[in-house]
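Residues 445 to 575 in our numbering are what the sequence shown lists, from first letter to last.
Below is one structure, written out as structure tokens; comments come after it.
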Amino acid sequence: MIHETAKQAGDSNPDEKLDPHTFASTFGQAVWLMTMSKAYQDLHIRDLEHRVAPAVLLRHFKLYSKGKQPVAFLTWASVTDELRDRIAAGDKTLELQDWRSGRNIVVVDCVSPFAPASEIIEGFLNAVPSA
């Protein structure tokens, strides 16, 4: 059974500082999952930082595990209508201020080499009342 091991921003104070250990651990697990997925293996370090760091810093992520093994990492944003449409069209490049720019909850990315990403995304969106 897959369990969430991290909470979304709504589950804690999103403005509370993230401690360095939690950031490093989460970032490391997300990057490890990316190395296990052919779709992400050729990313540059700059791309990894741009895709993962804002979500972790803003607590806009969920890390899923099976036992102690991470199996999926999902990032989400709360965006404007314009950004929602752009993300839906495939442009998932976000600036830091974009992650909390509106009321539309969107999945930015789901790295899931060991579980069907569609199930992870569906479960996340079903749990978000405003999605």
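For each residue, glycine too, the CB sits at the ideal point set by N, CA and C.
Values in this document were obtained by computation on a predicted structure and should not be read as measured data.
Q) Can you tell me whether DSSP reads serine 556 as helix, strand or coil? A) coil
Q.
Three Cβ pairs or more, each shorter than 8 Å: is that satisfied between the region 500 to 512 and the region 525 to 539?
A. With the cut-off at 8 Å, the region 500 to 512 and the region 525 to 539 do not touch.
(Q) Quick check: what's the CA-CA separation for leucine 569 versus serine 556? (A) 16 Å
Q) What are the start and end residues of the beta strand (DSSP E) that includes leucine 518? A) 513 to 523
Q) Among Leu518, Ser545 and Ser481, which residue has its Cα nearest to the Cα of valine 500? A) Leu518
Q. For the candidate residues Gln485, Glu526 and Ala521, whose alpha-carbon lies nearest to that of valine 572?
A. Minimum Cα distance to valine 572 is reached at Ala521.
Q: Indicate whether valine 475 and valine 496 have their beta-carbon atoms separated by less than 8 Å.
A: A contact, by the Cβ cut-off of 8 Å.
(Q) Measuring only the C-alpha atoms, how far is asparagine 548 from valine 523? (A) 5 Å
Q) First and last residue of the alpha helix (DSSP H) that includes serine 469? A) 464 to 479
Q | C-alpha gap between valine 550 and isoleucine 564, whole angstroms | A | 13 Å
Q.
Suppose you measure from the CA of phenylalanine 467 to the CA of alanine 559; what does that come to, to the nearest Å?
A. 23 Å
Q: Flag this pair as yes or no: are the beta carbons of threonine 470 and phenylalanine 505 separated by less than 8 Å?
A: yes
Q) What do you get for arginine 490, buried or exposed, if any count of 16 or more other CB atoms within 10 angstroms of its CB means buried? A) exposed
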